[in-house]
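Q:
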Amino acid sequence: MKGIYKLLSALVLSSLLSSCSMFGLDLQEDYPYEKSVLDPHIDKTARQYLEARGKNPVVANDTIFKWMQLGLEYAEMDLNEYEQSGRSFILLANNAIRVRNASTGVITAGMWFDFPVIEKNPNGSIRFATDGVTPVTRPANKWSDYSKETVRNYFLYLIFQGDFGFSNAKLENTTFQTLLPAGAVATKESKLGYAVTSTSPVVSPSGGRVLTYNYITGGSGFDPEGKINMKILNSDYSPLQVNDQTAVSTAGIIALNGTVHVCSTTVYPWRY
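Numbering (mature numbering (1 follows the signal peptide of the UniProt record, and there is no 0)), first residue to last: -24 to -1, 1 to 248.
#1: Can you round the beta-carbon distance between Ala22 and Val236 to whole angstroms, since I take them to be within the 8 Å contact cut?
#2: Three or more beta-carbon pairs under 8 Å between the stretch 138 to 147 and the stretch 71 to 79, yes or no?
#3: Going by DSSP in three states, Ser61 sits in which element: helix, strand or coil?
#4: Determine the direct distance from the alpha carbon of Ile18 to that of Arg76, and round the result to whole angstroms.
#5: My assumption, with CB atoms under 8 Å, is that Phe89 sits in contact with Leu168. Please give the rounded CB distance.
#6: Can you tell me whether Ala78 is buried or exposed? The criterion is at least 16 other CB atoms within 10 Å of its CB, across all chains shown.
#7: Taking the straight line between their C-alpha atoms, what separation do you get for Gly100 and Gly194?
#8: Name the DSSP beta bridge partners of Leu134, please?
#9: Output the distance between the C-alpha atoms of Phe140 and Ser64, rounded to the nearest integer angstrom.
#10: I need the DSSP call for Thr113, collapsed to helix, strand or coil.
#11: According to the neighbour-count rule (16 or more other Cβ atoms, all chains shown, within 10 Å of its Cβ), is residue 335 buried or exposed?
#12: Please list the terminal residues of the continuous alpha helix (DSSP H) segment that includes Gln45.
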């Protein structure tokens, strides 16, 4: 019997091997493995990289920075800031600004959703819900829902002094000075203008990050010192993180004048 089983097994294996060739499925062959590393150099300045993938892309439909470019234009930001050396640049992918539901057109994520417009009463005061505490808000639909000053300051915060990338990233925060002037305050048309910020960590009893909004006296909305924290996470793919909040989606892009990091979710413009 054992001899019969062995014979049958051999016939089945032979049949399978023949079937592979019959149906165009060739057996795997061993090939030498050649290790390669993607080159992070882009041979462009940060500005050229942004514009090449903006509203008028070099490659058709590669408009990942379209909404950032439109925001920079609205804020009348000097794009020469993205040509200067010795800096690191955080660029915002479209999803970091606005994610729109394809069916309803409603904004469901991104900066425009996380910093919604505050509805006001005819006298200019905040319109509150029936609980008297929660403000009535709506997602922003266009850059002009925010003041030019606030949008410009937001983008200034995303440029910081020093070259930061994987070569010098640490597990603990490294603090950098951004182009945002110390003491800058967001205007009060959106939730951003009511964010209370600090120069020292504010955490919950469990150690989590605390986001505080004051709808009575308002907040600054920006880091009081115009500083930003960057670190690397000890997790899968070791992503970089901004202000203990936002993971960088594509990090360590080496431009001709500094390092570029791309974020695909909202960047909160304060450390604590």
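Glycine residues also receive a C-beta, built at the ideal position from the N, C-alpha and C atoms.
A: Looking at the coordinates:
#1: Right, the Cβ-Cβ distance comes to about 5 Å (below 8 Å), so this counts as a contact.
#2: No, because fewer than three Cβ pairs between the stretch 138 to 147 and the stretch 71 to 79 fall closer than 8 Å, the two stretches do not touch.
#3: Secondary structure at Ser61: coil, using DSSP grouped into helix, strand and coil.
#4: Rounded to the nearest angstrom, the two C-alpha atoms are 30 Å apart.
#5: In fact, because the Cβ distance is near 12 Å, the residues do not count as touching under 8 Å.
#6: Classification of Ala78: exposed, given that the 10 Å Cβ count is below 16.
#7: The alpha-carbon of Gly100 is positioned some 14 Å away from that of Gly194.
#8: Under DSSP, Leu134 shares a beta bridge with no residue.
#9: Those two C-alpha atoms are separated by around 6 Å.
#10: For Thr113, the secondary structure class from DSSP, reduced to helix, strand or coil, is strand.
#11: Within the shown structure, residues of the chain are numbered from -24 to 248, placing residue 335 beyond reach of any answer.
#12: Here the alpha helix (DSSP H) through Gln45 covers Lys42 to Tyr50.
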